[in-house]
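Going by numbering that gives the first Met the number 0, the letters in the sequence shown line up with residues 0 to 182, in that order.
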Amino acid sequence: MTDLHTPPSTYILRELHDVAVPESVSWVPQTIGWKILAIVGAIVLMHVGYRLAHHWWDNRYRKEAIEAISRLTPDDASMPKALFSILKIVLIHLDSSHARLFDTAFLRKLDELNPKHKMFDDEVSKRWLQSIVDPSIELEKTERLQLLERATEWVKEHDENAHNIEKRTLAYKARALKGGRHG
Numbered sequence: 000m001t002d003l004h005t006p007p008s009t010y011i012l013r014e015l016h017d018v019a020v021p022e023s024v025s026w027v028p029q030t031i032g033w034k035i036l037a038i039v040g041a042i043v044l045m046h047v048g049y050r051l052a053h054h055w056w057d058n059r060y061r062k063e064a065i066e067a068i069s070r071l072t073p074d075d076a077s078m079p080k081a082l083f084s085i086l087k088i089v090l091i092h093l094d095s096s097h098a099r100l101f102d103t104a105f106l107r108k109l110d111e112l113n114p115k116h117k118m119f120d121d122e123v124s125k126r127w128l129q130s131i132v133d134p135s136i137e138l139e140k141t142e143r144l145q146l147l148e149r150a151t152e153w154v155k156e157h158d159e160n161a162h163n164i165e166k167r168t169l170a171y172k173a174r175a176l177k178g179g180r181h182g
């Protein structure tokens with residue numbers, strides 16, 4: 000197997016010669032510019048991957064809460080208490096100072112964290128919290144379904160930084176009225 004290849008000796012193939020195999024092309028960049036571009040691209044990809052992983056990690060509680068809410072049935076008598084517990088756990092996850100909230104303060108905090116849609120500022124929400132404390136108050140099935148839909152939508156859409164944005168906006172407006180940015 001070590002001897003050289005000899006051309007065929009037949010009359011028809013006598014003039015043929017072996018084709019030289021070209022050198023393989025390297026995929027490694029030859030100039031420094033391409034190497035720098037590859038490094039920058041790798042850094043950007045790592046940053047985007049980190050941001051996606053961080054976003055997923057920070058919002059995994061939403062998925063768990065939505066799954067817990069979806070397991071609730073409106074026919075169950077303990078549904079209002081269970082829904083309150085789920086939303087309370089989400090609030091405590093966002094900030095432990097929310098643990099003491101109940102009644103209208105609880106509903107206000109839910110609406111405060113979702114300033115685009117004030118979902119818990121009505122009689123159904125107030126009756127819901129009253130039904131937790133007073134067993135004589137019964138919610139109708141339509142009210143229970145409405146609460147489940149609202150809670151699911153709130154968990155999907157709430158913004159844990161919404162109250163900070165409102166405070167900063169109010170502080171900025173107060174500074175502007177007072178005499179500018181450095182007033």
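Just so you know, even glycine gets a beta-carbon here, dropped at the ideal spot from N, CA and C.
Its chain contains Leu90, Ile91 and Lys108 as the residues whose beta carbon lies nearer than 7 Å to that of His97, once the 5 sequence neighbours on both sides are disregarded; these appear in chain order.
When only Cα atoms are considered, Thr151 and Val132 end up about 23 Å apart.
Beta-carbon to beta-carbon, Ala67 and Ile85 are separated by about 5 Å, close enough to satisfy the 8 Å threshold.
Counting the other CB atoms within 10 Å of its CB gives Asn113 a total of 16 or more, which places it among the buried residues. In chain order, Met78, Ala81, Leu82 and Leu147 place their CB closer than 7 Å to the CB of Leu71, counting only its own chain and leaving out the 5 sequence neighbours on each side. Put simply, of Leu100, Ile38, Leu138 and His157 the residue whose alpha carbon is nearest the alpha carbon of Ser124 is Leu138. With contacts defined as CB atoms closer than 8 Å, Ile136 and Arg143 fail to qualify as a contacting pair. Spatial neighbours of Val154 in its own chain (CB-CB distance under 6 Å, excluding positions within 5 residues in sequence) are listed in chain order as Arg61, Ala64 and Ile65.
The beta strand (DSSP E) runs lying completely inside the segment 70 to 99 and spanning 3 residues or more number zero. In this structure, the straight-line span from the alpha carbon of Phe101 to that of Arg50 is close to 35 Å. Judged by DSSP secondary structure, Ile42 falls within the alpha helix (DSSP H) whose first and last residues are Ile31 to Asp57. Secondary structure within the segment 108 to 143: the alpha helix (DSSP H) runs of 4 or more consecutive residues, fully enclosed, are 122 to 132 (chain order). Collapsing the DSSP output to three states places Phe101 in coil. Taking C-alpha positions only, Glu159 is separated from Arg149 by approximately 17 Å.
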